[in-house]
Amino acid sequence: MTTRAAAHRTGLRRTARQGIARDPAHHRQITPLARMVRLNAKPRTVTQVTTIDRIDTLILDIPTIRGHVLSMATMRTQAAVLVRIRFSDGSEGLGEGTTIGGLSYGPESPESIRSAIDTYLAPALIGRAADDVNGGVQLMDHVARGNRIAKTAVEIALWDGLGKRLGVSVAQLFGGAVHTRLPVAWTLASGNSDTDIAEAEQMIATGRHRIFKLKIGKRAVADDVAHVARIKSALGDAASIRVDVNQTWTLTEARRGLPALQDAGCELVEQPVAARYLGAMAELTRSHAIAVMADEALGGPEDALAVAAKGAADVFAVKIAQSGGLKRAAEVVAIGQAAGLGLYGGTMLETGLSTAAALQLFATVERLDWGTELFGPLLLTADILAQPIIYRDFHVEVPTGPGIGATLDPYKIEFYRRDRAPRIAVAGE
Ligand SMILES: [Mg+2]
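Going by UniProt numbering, the sequence shown opens with residue 1, and the numbers climb by one from there.
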């Protein structure tokens, strides 16, 4: 669906186009004195304010390179909601919102993200001053509660547009990049230990990744621990091994699981229990040397403050989409830094587009002690960027260029869009 609205509703463009001189009253009432005053007057200037003209959304369905087995779902396709904002000066901004495993992961789905933008966020924003990103973010918070991924997709497009108009990167808009590249982890989630070991060995040999996150929580705790121990003993010191339970364990299971994972050589456990059990997270953080990372518990700065205040994590997994945008993610980072916690750049398995946006923000963070997991584009069978994000030497490089530093490959967009016209093969053609 396309959201259309006339930016001239604001009156700004109408004023600029018609000018005050067209008012016939001026000609009727002009006197010699008035004419003298007019001749000596400075030329009339009309401030041209660039406005948000149009916001389009599109869902892409891109297959993953293998089944991505999580505790709550197995992903075989990633659905990405693309946002394109067109501004009155002809500039454009791009954004993207994704989730992991649809509604089984969190309260937003690709369809709800798109609907929230088309029905509520876009009509509120159209006609507004394009450069007023903070005002746009605040307005979105008034117009819709929650819907953080939808807001993120729009906000990225606003930052991208502003950066392109000014000829600077979004990192520059956030004060400037202090990194040109960041360490990047890979997630082993084939569901099979031997496959995971072979995959990890190939990643190390090709210099792509040496930090691995294992998705666990689907099997019994003892089976998951045995799986982790096997992978760690096969890879040895060449790899850092971490796990993500995605909220699946009870506190009792976690009390057994954490020390066993620590003995297996695992360095960090992500969201072992449900996000709302901050007391349980605090107990686990206090009781074990293995680092406990909050992920689903962090839905923006208010949650970050609660987690930090309760001592419910050693590390924040900062995700731009889960935080509610780049601005809110920067606030989560600030709270983590002020609390002396470790930081990690998380992903919602975005395509290269929002991966580029996340890199723009994380490039400005002084210390990301636990690196990033911004490998989303590598899990997909196709890269939708004209110039894909560069992964080499165990790092992901921060894109250069104005805005988020990403341009789309139009042929890929056309091919993977959900609403594309069916291709009908006709014999003889
Ligand atoms: Mg996670």
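No residue lacks a Cβ here, since even glycine has one placed at the ideal position from N, Cα and C. Keep in mind it's a predicted model, so treat the numbers as computed, not measured.
Of the residues assessed, residue 350 falls on the buried side of the cut-off, its CB having 16 or more other CB atoms within 10 angstroms. Restricted to the segment 55-105, the beta strand (DSSP E) segments that are unbroken, complete and at least 3 residues in length are 74-87, 92-98, listed in chain order. Judged by beta-carbon spacing, residue 301 lies within the 8 Å limit of residue 332, meaning their Cβ atoms are closer than that value.
Within the same chain, 77, 79, 416, 418 come within 7 Å of residue 61 by CB-CB distance, once the 5 residues on both sides are set aside.
Within the same chain, and ignoring the five residues on either side of residue 368 in sequence, the residues whose Cβ sits closer than 7 Å to its Cβ are 182, 343, 344, 345, 362.
Taking non-hydrogen atoms of ligand 1 into account, the C-beta of residue 270 is found less than 7 Å away from one of them. Residue 294 has its Cβ no nearer than 7 Å to any heavy atom of ligand 1.
Separation of residue 197 and residue 231 (C-alpha to C-alpha, rounded to the nearest whole angstrom) is 6 Å. For residue 291, the pairing in a beta bridge is given by DSSP as 268.
Within the DSSP secondary-structure output, residue 344 pairs in a beta bridge with 317.
Per DSSP, reduced to three states, the secondary structure at residue 397 is strand. Between the C-alpha atoms of residue 282 and residue 174 there is a straight-line separation of about 32 Å.
Here the segment 185-195 makes no contact with the segment 160-174; the two share fewer than three CB pairs at distances below 8 Å. Looking at 202, 205, 115, 256, the one whose alpha-carbon comes closest to that of residue 223 is 256.
Counting the other CB atoms within 10 Å of its CB gives residue 296 a total of 16 or more, which places it among the buried residues. Residue 108 sits close to residue 147, with the two beta carbons spaced by under 8 Å.
For residue 244, DSSP records a beta bridge to 215, 270.
Of the residues assessed, residue 371 falls on the buried side of the cut-off, its CB having 16 or more other CB atoms within 10 angstroms.
Residue side-chain check: residue 321 keeps its Cβ at 7 Å or more from all non-hydrogen atoms of ligand 1. DSSP places residue 176 outside both helix and strand once states are collapsed to three, so it counts as coil. Closest option to residue 53, judged by alpha-carbon separation, among 70, 177, 142, 92: 92. For residue 411, the secondary structure class from DSSP, reduced to helix, strand or coil, is helix. Proximity of the beta carbon of residue 254 to ligand 1 is not indicated: no heavy atom of the ligand is located closer than 7 Å. Residue 394 and residue 210 do touch by the CB rule: their CB atoms are close to 5 Å apart, below 8 Å. Cβ neighbours of residue 303 within its own chain (closer than 7 Å, five residues either side excluded): 297. The closest CA to that of residue 165, considering only 130, 152, 185, is found on 130. Inter-residue distance for residue 225 and residue 336 is about 29 Å (C-alpha atoms, whole angstroms). Residue 312 has its alpha-carbon roughly 20 Å from the corresponding atom of residue 106. Contact annotation, residue 388 with residue 402: C-beta distance approximately 18 Å; criterion of less than 8 Å not satisfied. Annotated as distal: residue 57 and residue 324, with beta-carbon spacing of 8 Å or more. Nearest neighbour of residue 71 by Cα position, chosen from 218, 286, 294, turns out to be 218. About 13 Å separates the CB atoms of residue 400 and residue 385; that is not less than 8 Å, and the two are not in contact. Here the C-alpha atom of residue 154 lies approximately 25 Å from the C-alpha atom of residue 381.
Within 10 angstroms of the beta-carbon of residue 199 lie 16 or more other beta-carbons, which makes it buried. Contact annotation: residue 310 and residue 278 have beta-carbon atoms nearer than 8 Å. Of the candidates 75, 98, 85, 299, 98 places its Cα closest to the Cα of residue 348.
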